[in-house]
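Since the structure comes first, as C-alpha cells, the remarks are kept for the end.
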Amino acid sequence: MKFLKLFLLLFVIQTQAQQGGMWIPSLLEGMNEKEMKSLGMKMTAKDIYDTNKSSLKDAVPQFNGGCTSEVISPKGLLLTNHHCGYGQIQSHSSTEHDYLANGFWAYKMEDELPNKDLVVTFIVKIEDVTKQVLEGVNTLSNEAEKQKKIQENISALSNSFPKEAWQENKIRTFYDGNQYLLFVTETFKDVRLVGAPPTSIGKFGSDTDNWVWPRHTGDFSLFRIYADKNNRPAAYSKDNVPYTPKHFLPVSLDGIAEDDFTLVFGYPGKTNENLPSVAINQIANELNPAKIEIREQALKVADGFMRKDNAIKIQYASKYAGTANYWKKWQGETLGIKKSNAIAVKKEAEKKFQEKVSKAKKEKEYGSILNDFEKKYTEIAPYALARDYFNETVQRNTELLSVAYKFYQLEQLYNTKGEQAFTDRKNNLYNGLGDFYKDFSAKVDEKVFEQLIALYVTKVPKQFLPNTLNNIDVNQVTKAIYSGSKLTSYSGSKELLTGDTKTVLENINRDPAFVLVKSMADMYLKEVNPTYEVLNLKTTELQRNYMKAQLELSENSRIFPDANSTLRVTYGKVKGYEPKDGVYYNPITYLDGVMEKYIPGDYEFDVSPKLIDLYKNKDFGNYGENGKMPVCFIGTNHTTGGNSGSPALDAKGNLIGLNFDRVWEGTMSDIYYDPSICRNIMVDIRYVLFIMDKYAGAKNLIEELQLVHPKKTKKVNVSN
527 MKFLKLFLLL FVIQTQAQQG GMWIPSLLEG MNEKEMKSLG MKMTAKDIYD
577 TNKSSLKDAV PQFNGGCTSE VISPKGLLLT NHHCGYGQIQ SHSSTEHDYL
627 ANGFWAYKME DELPNKDLVV TFIVKIEDVT KQVLEGVNTL SNEAEKQKKI
677 QENISALSNS FPKEAWQENK IRTFYDGNQY LLFVTETFKD VRLVGAPPTS
727 IGKFGSDTDN WVWPRHTGDF SLFRIYADKN NRPAAYSKDN VPYTPKHFLP
777 VSLDGIAEDD FTLVFGYPGK TNENLPSVAI NQIANELNPA KIEIREQALK
827 VADGFMRKDN AIKIQYASKY AGTANYWKKW QGETLGIKKS NAIAVKKEAE
877 KKFQEKVSKA KKEKEYGSIL NDFEKKYTEI APYALARDYF NETVQRNTEL
927 LSVAYKFYQL EQLYNTKGEQ AFTDRKNNLY NGLGDFYKDF SAKVDEKVFE
977 QLIALYVTKV PKQFLPNTLN NIDVNQVTKA IYSGSKLTSY SGSKELLTGD
1027 TKTVLENINR DPAFVLVKSM ADMYLKEVNP TYEVLNLKTT ELQRNYMKAQ
1077 LELSENSRIF PDANSTLRVT YGKVKGYEPK DGVYYNPITY LDGVMEKYIP
1127 GDYEFDVSPK LIDLYKNKDF GNYGENGKMP VCFIGTNHTT GGNSGSPALD
1177 AKGNLIGLNF DRVWEGTMSD IYYDPSICRN IMVDIRYVLF IMDKYAGAKN
1227 LIEELQLVHP KKTKKVNVSN
C-alpha cells in the first residue's frame, strides 16, 4: 500500500531541529541520526539501538508499567524518580519507620527491601509486523469487524513469533492504526528498594511546584533488579542474585550548560498530536474544566485532613500526589493550548490539508474527513462529559464509591458468567481489599463524597442522572450512606462477602453505598457508555483515515507516531525559555533556590538541618560547580507521562540527569508541541550523587557507579 511505503520516507526527510518528536529507536538511522549529530551527538544510531550487541536500550527498562528507569551499575542498580517509587516507599513506611519523612538507605544488599508486584521490563527486539496484522482487514467494511480481525491477527502473531521461554511478545499500534510493531520483552519481578531521599528532598515543592519552573526537587529513588542464577527473570527469592545488565549507564560528573545536546530515552505514555481542532476545543473548554473542578474539590478535602493528622498524611500521600498530578497538568494544558493558539494553528493546518486533498484529487477518499469530525465530536460531547464525571467521581476520587463499584461488578459477573466466576471474584475481593482499607479513612472520604456528589447532581447532563440523585439533600444522603454502609470498613466488606451466593447478593443490595452506585452505574452502562463507544469507534476510524491521508499527502515533513507507552527517543538541547513578556527563565537551578524557598515546618518547603549545614559549609564534594550545587535543568526534549524516570543523556550516552516533569506552560505538548515554551524538567545527576554521598553517606552505592569526566576523557571511581 502506498501510505505504508511512505513510512521510510517520513523518517529520512530533513526537518527543523527542536520541533519535538518521540521517535522509535529501531528507526533512527537516516535523518534522525543526522539531525542528532547536527545538534552535537557523538554516538551512532546503533549505539542507541542494536539487537546484536549491547546498546543504550538495554539499560532503560520500563518501571512498573507506568514510568521509566535506568540501570546505572554492573550490579543491576536502578535509578528512577522518587514519585515513581513513591508507592513502594509508602508501603514500607509506618509512623514508627517513616521512610517518606526520613528517607531510606540500604548500606548493604541484605538490607534492600522486596516489593510485592513491582516489575521492570526491558525491550529485547522491535519488529515491524504491519503486513501480518492488517492481513485480511481491508476487505472488511464494518469498523467493528476490522478491529476484531486485527485483534485476532495480533493474538495469533503474539503466540507464534519466536522468543525465549521467559520472554513475551507485545504488539502495539502506531499512526492511529496504520502501523504495528512487535516488541520482544523481558520482565523482572524481583525489584528491591535500595534508597530514597526524604520527601523534603524527593518531593520538595510538592504540589505547589509540580509542573512549575524554576524547580528544586531531588526527584529520585534507587532500586535493584534481582535475577535467578542464570541471570533470568524470577519471582522474589532469597536465593536470587543482583542482575548483571547487558549495558549500564556511565555517570557524568561534568555537568551541563545551555545548548548542550540532550537525549531522553523512555516510555512516554500517551499523546494525541494529530487530533483535529474540534477535538482540542472540546478538551480545553469542556472536558478539562470538568475534571479539574472535581479533583480540586477532592484535593481540598484531603489536604485539610493531611495537614492536621500525620497518620492520614501517610495514608493519603501517594493517592493525593496522583490526584494532584493530573489536576495541575490539565490546568497547564488548557493554559498552553490557549497561549500557543493551538486551536487556530490546527485550523490553519486543516485548511492546508484540505488544499492538499484537492490538489491530489483525493476528495473521494479524504474530502469529508474534517466535516465528519465536526459532526461526530458534536454528537459525542454530552456522552464524553457524562463519562468523565462518572469515572472521576465513582472510579477515581470517591473511594467508597470505587469499592462499591467493585461489588457492582461482582454482581454483574454473576449475571453474565454464573456462580463459579462470581465465587472466584468474591474470594479475590475478600482477600485483596486489605491493601485498599489500609490507606482508607472514612471520615476523609465522607467529606470528599459530599463535595463530589454535589457536583455530580448539578453538572452531569440531566438525561444521564439516575432517579436516586434527583432533587436530593446532599448532606442528608452523605450522612445516611456513611453511617449505614458496611463498605466503610474492611470488616464490614468481609461481612458482606460472607455466605452463599444468594446471601451475598441479598446483603450487598441492602447496602446504601452499593444501592447508590448501582443506580449510577446502571445509568452509565445503559445510557452513556454504549453510545459513547459507538461514536468513539467512528471517530477512531476517522482518525485513522486522517492519519493515513497526512502520511500520504505530507511528503515534505516527518510525522512521528503518538506515544503509546513504547520505547522512544527524544532529543534536543538544554535551553531556557520565555513564558511571558519580559520574563526569561534560565535553564539551570541551584541549591540556593532551595534555601530561598525554605519555610520551616511546611510540608512542601521544609528543609532538613543536615542539608542546610551542607549548604552553609559548601560541602558539595566533587559535585558542585563554581561554589554552587546544581539541582535541576530544563531542555527541549518532547516528553510526557511515562517519561518520569527517563535518563537524560549527553552526546556520548553518559547519564547527566533524570527526567521528572514538564513546565506548566508547555503541558499541552501532549496535543500540540510549541518549541518556544515546551520544556522538560530534569534533576541534575550531580545533585542525585550529592544527596547519595554527602547527605545519606551511601558510599557503598557511589562505589558501584562508573563515574566519568567525558569532557576531560577521565574516569573517576569515588567521590571525595
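851 is the number that my numbering gives to position 325 of the sequence shown; each next residue is one higher, with no gaps. Virtual Cβ for every residue (Gly too), placed ideally from N, Cα, C. Values in this document were obtained by computation on a predicted structure and should not be read as measured data.
Cβ contact annotation for Tyr1058 (same chain, cutoff 6 Å, sequence separation greater than five): Tyr909 and Arg913, in chain order. In terms of CA proximity to Asp1219, Tyr1149 leads the group Ile1207, Phe1186 and Tyr1149.
Within the DSSP secondary-structure output, Trp631 pairs in a beta bridge with Gly721. Per the C-alpha coordinates, the member of Val1209, Glu661, Lys572 and Ser1080 positioned closest to Phe879 is Ser1080. The secondary-structure analysis by DSSP pairs Glu712 across a beta bridge with Phe648 and Gln693.
Membership of Pro1173 in the beta strand (DSSP E) is indicated by the continuous run Pro1173 to Leu1175. Scanning its chain for C-beta atoms nearer than 6 Å, with the 5 sequence neighbours on each side dropped, one finds around Cys610 the residues Phe589, Cys593, Ser1170 and Gly1171, in chain order.
Thr1115 carries a strand assignment under DSSP once its states are collapsed to helix, strand and coil. In the DSSP assignment, Arg913 forms no beta bridge with any residue. Among the bridge pairs identified by DSSP, Pro1156 is matched with Tyr1116.
The beta carbon of Ile863 sits closer than 8 Å to those of Ile806, Ile809, Ala810, Ile869, Met1194, Ile1197 and Tyr1198, all from its chain and outside the five residues before and after it, given in chain order. With a threshold of 16 other beta carbon atoms within 10 Å, Pro1113 meets it and is buried.
Distance check between Leu1181 and each of Glu669, Tyr1129 and His1235 places His1235 closest, using alpha-carbon atoms only. The Cβ atoms of Met548 and Thr1162 lie no closer than 7 Å to each other. The beta-carbon separation of Asp786 and Lys1178, rounded to 11 Å, does not stay under the 8 Å limit for a contact. When the Cα atoms are used, Pro587 and Pro740 turn out to be separated by approximately 29 Å.
Boundaries for Arg951: no beta strand (DSSP E) harbours it, while the alpha helix (DSSP H) harbouring it runs Glu945 to Gly958, taken from the DSSP string. Contact between the stretch 1001-1008 and the stretch 896-903 is absent, with fewer than three C-beta pairs closer than 8 Å. Thr656 and Pro600 have their C-alpha atoms some 37 Å from each other. Distance from the CA of Phe933 to the CA of Thr577, rounded to the nearest whole angstrom, comes to 47 Å. Only exposed fits Arg833, as fewer than 16 other CB atoms lie within 10 angstroms of its CB. Unbroken alpha helix (DSSP H) stretches of 4 residues or longer found wholly inside the stretch 1000-1082: 1000-1010, 1016-1022, 1027-1034, 1038-1049 and 1055-1079, given in chain order.
Non-local beta-carbon contacts of Ser803 in its own chain, meaning distances under 7 Å to residues more than five positions away in sequence, involve Ile869, Lys872, Lys873 and Glu876 in chain order.
Note on geometry: alpha-carbon atoms of Ser1134 and Ser726 lie some 7 Å from one another. Burial check for Leu644: the Cβ neighbour count within 10 Å reaches 16 or more, so the residue is buried. By the C-beta criterion, the stretch 1114-1121 is judged not to be in contact with the stretch 611-625, since fewer than 3 inter-stretch pairs fall below 8 Å. In the assembly as shown, Ala783 is an exposed residue. Its beta-carbon has fewer than 16 other beta-carbons within 10 Å. Contact check for Gly731 against Thr743 passes: the beta carbons are separated by less than 7 Å.
Annotated three-state conformation of Ser684 is helix, per DSSP. Along the length of the stretch 746-830, whole beta strand (DSSP E) runs at least 3 residues long occupy 747-753 and 787-792, reported in chain order.
Val777 is a Cβ neighbour of Ile1211, given a cutoff of 7 Å. For the 7 Å CB-CB criterion, Leu604 and Ser595 form a contact. Secondary structure at Tyr1097: strand, using DSSP grouped into helix, strand and coil. Judged by DSSP in its simplified three-state form, Arg1212 adopts helix. The C-beta distance from Tyr793 to Thr1092 rounds to 7 Å, short enough to meet the 8 Å contact threshold. For the 7 Å CB-CB criterion, Phe746 and His623 do not form a contact.
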